[in-house]
Amino acid sequence: MEALGVIYEGFTLTAAVSLAVTVLLLAISALVSGSEVAFFSLSSRDQQSMRSEGDGRDQAILSLLEDVDSLLATILVTNNLVNICIVILTSNIIDTIFTFHSATFEFVVKSVLVTFLLLLFGEILPKVFSQGNPRGFARFALYPIKLFRIITYPLSYILVRTGGRLSRMASRGTEISMEELADAVDLARGSSPQEHQMLSGIVNFVNTEVEEIMRPRIDIVAVELTSTYEQVKATIIESGYSRIPVYDEDLDNIKGALYVKDLLPHINSGDEFGWQQLLRQIYFVPKHKKIDDLLRDFQENKIHVAIVVDEYGATQGLVSLEDILEEVVGEISDESDEDESFYERIDANTYLFDGKTHIVDFERVLRCEEDLFADVQGRAETLAGLMLELRRDLLRNGDMVEAHNVRFTVQNMDGRRVDKIKVVVGQSDE
């Protein structure tokens, strides 16, 4: 060995202890590396089987997988700390046993030996083995991983938090702005109207508030808590809705929702039937909540309808899952919907619209450019709201306003509500 510039100094007790510790650390490295493959190779079918069997170890494994970021951080931190210790100890063992005349040759020997040990015994072999039996290896590694999770928690916590922050910072740089998405939709105008409407709905989805799509308070079909069973059935039959809000005295005091399917077993009950016992809890949402967040709430809570309230808790309207979906796919009609149009064309330039017609639908009927009235509509979403914005006063029969060469006239009132609006296009008093 002296010919190679290496002198053997003898195997000391210190070297023996260091070697034993290195072997132990190499075993830990193999265990941790194999567990990484084992835990993350469990398929959905494997996890479903583990849930149904009810084994305690399987439940603990599933619990670890619920926080994937923390589990991965534990594995990475443990593996790196162990590998660093292996490198240091291996270098110390070599320095104790041998003396090198060439620093370059010493560096090459140490690098090759450590790399070989870590790759073969700390990475390749355990990962190949765990890949063949991920569930068995995960059970075997469960308790050591839980122990390492406790030991490395401070470092793992910092790693998870830092990684999350860096990920958010990186995503900000790659996000496509809403303006860019809108431009992309404009480029797709050559597609069918339905496709263009769906693309527009997707782009605007995250910025749309509940208030913009809700059914206003005045249009809510609800029953009073003291109504008789016959009155309740009559309301359900007349409205065709499957979920009816129930209030006490006024709509600001919603007590719950009545589901038609809950009434079916009692359909032949008499008027004395206490239908109030079937009330379900109803979901309340603020009017400025984004509809993408509301859709997520609906999915998580398995509900289809919610009451919209303002900052004082007063009822503003009602929103359903169907309302949200219609923002993307357009109008959804079922067999209970009446086939009624929201407008009537009187002649080439004259129309009669419902007061509650949405401005976007109105613009589509008139085939005018989108957002034509954006400069005057304020927060209005309907034709009646647009007239209120323009007139700045309560509306009465015969009231008239003009905007962008379109004349709006209140044709019919239902109490204080604008029922019908006459629209004349291309005429002006000027």
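In my numbering, the protein residues as written are 53 to 482. Backbone N, C-alpha and C fix where the C-beta goes; we use that ideal spot for every residue, glycine too.
From residue i to residue j, what does the alpha carbon distance come to, in whole angstroms?
| i | j | result |
| --- | --- | --- |
| Ser-321 | Lys-354 | 29 Å |
| Ile-25 | Pro-186 | Because the chain is modelled from 53 through 482, residue 25 falls outside the range shown and cannot be assessed. |
| Glu-379 | Leu-117 | 36 Å |
| Ser-85 | Ser-372 | 49 Å |
| Asp-391 | Val-458 | For Asp-391, the pLDDT reaches just 45, beneath the cut-off of 50, and the residue's location in the model is therefore unreliable, although a value from the coordinates is still provided. Going from the Cα of Asp-391 to the Cα of Val-458 covers about 27 Å. |
| Asn-464 | Val-470 | 6 Å |
| Phe-350 | Ile-272 | 20 Å |
| Gly-106 | Lys-198 | 19 Å |
| Phe-173 | Leu-94 | 23 Å |
| Ala-487 | Ile-146 | As displayed, the chain neither begins before 53 nor continues past 482, which places residue 487 out of reach and without an answer. |
| Ser-182 | Arg-191 | 11 Å |
| Ile-59 | Val-89 | 42 Å |
| Phe-394 | Asp-323 | 37 Å |
| Phe-414 | Pro-206 | 59 Å |
| Arg-416 | Leu-346 | 27 Å |
| Pro-317 | Phe-325 | 12 Å |
| Asp-11 | Glu-352 | For the chain, the structure presents residues 53 to 482; residue 11 sits outside this window and is missing. |
| Ala-67 | Asn-144 | 8 Å |
| Gln-100 | Gly-215 | 30 Å |
| Arg-431 | Tyr-281 | 40 Å |
| Tyr-299 | Asn-305 | 6 Å |
| Ser-104 | Ile-202 | 28 Å |
| Val-160 | Phe-189 | 35 Å |
| Tyr-209 | Lys-179 | 25 Å |
What does a CB cutoff of less than 7 Å around residue i pick up in its chain, not counting 5 residues either side in sequence?
| i | result |
| --- | --- |
| Asp-344 | Phe-257, Val-258 |
| Gln-429 | Ile-411, Leu-438, Glu-441 |
| Gly-365 | none |
| Asp-110 | Met-102 |
| Pro-338 | Val-361 |
Verify whether the separation of the beta carbon atoms of residue i and residue j is less than 8 Å.
| i | j | result |
| --- | --- | --- |
| Leu-442 | Ala-455 | yes |
| Leu-377 | Gln-328 | no |
| Ala-436 | Gly-407 | yes |
| Glu-263 | Val-360 | yes |
| Ile-127 | Ser-87 | yes |
| Lys-311 | Ser-294 | The sequence shown places Tyr at residue 311, not Lys. Closer than 8 Å, so yes. |
| Glu-61 | Ile-149 | yes |
| Ser-122 | Val-212 | yes |
| Leu-169 | Leu-78 | yes |
| Thr-74 | Ile-138 | yes |
| Phe-336 | Ala-358 | yes |
| Pro-268 | Gly-369 | yes |
| Leu-330 | Lys-307 | no |
Apart from the five residues just before and just after residue i, which ones in its own chain have a Cβ nearer than 6 Å to its Cβ?
| i | result |
| --- | --- |
| Val-284 | Val-275, Trp-327 |
| Thr-287 | Val-275 |
| Met-452 | Thr-461 |
Using DSSP bridges, identify the partner residues of residue i.
| i | result |
| --- | --- |
| Leu-370 | Arg-267, Ile-359 |
| Ile-473 | Phe-405, Val-462 |
| Pro-196 | DSSP, once it has assigned bridges, lists no residue as partnering Pro-196. |
| Asp-300 | Asp-302 |
| Arg-332 | Ala-309 |
| Ala-455 | Val-458 |
| His-410 | Thr-434 |
| Arg-295 | Tyr-311 |
| Val-275 | Val-298 |
If you drop the 5 nearest sequence neighbours on each side, which residues of the same chain put their C-beta closer than 8 Å to that of residue i?
| i | result |
| --- | --- |
| Asn-401 | Val-476, Val-477, Gly-478, Gln-479 |
| Glu-482 | Bear in mind that a pLDDT of 43 at Glu-482, under 50, signals an unreliable position, so the number given afterwards is only what the model happens to contain. Once the five neighbours on either side are set aside, Glu-482 has no close Cβ partner at all. |
| Asp-98 | Pro-186, Arg-187 |
| Val-166 | Ile-138, Val-139, Thr-142, Ser-143 |
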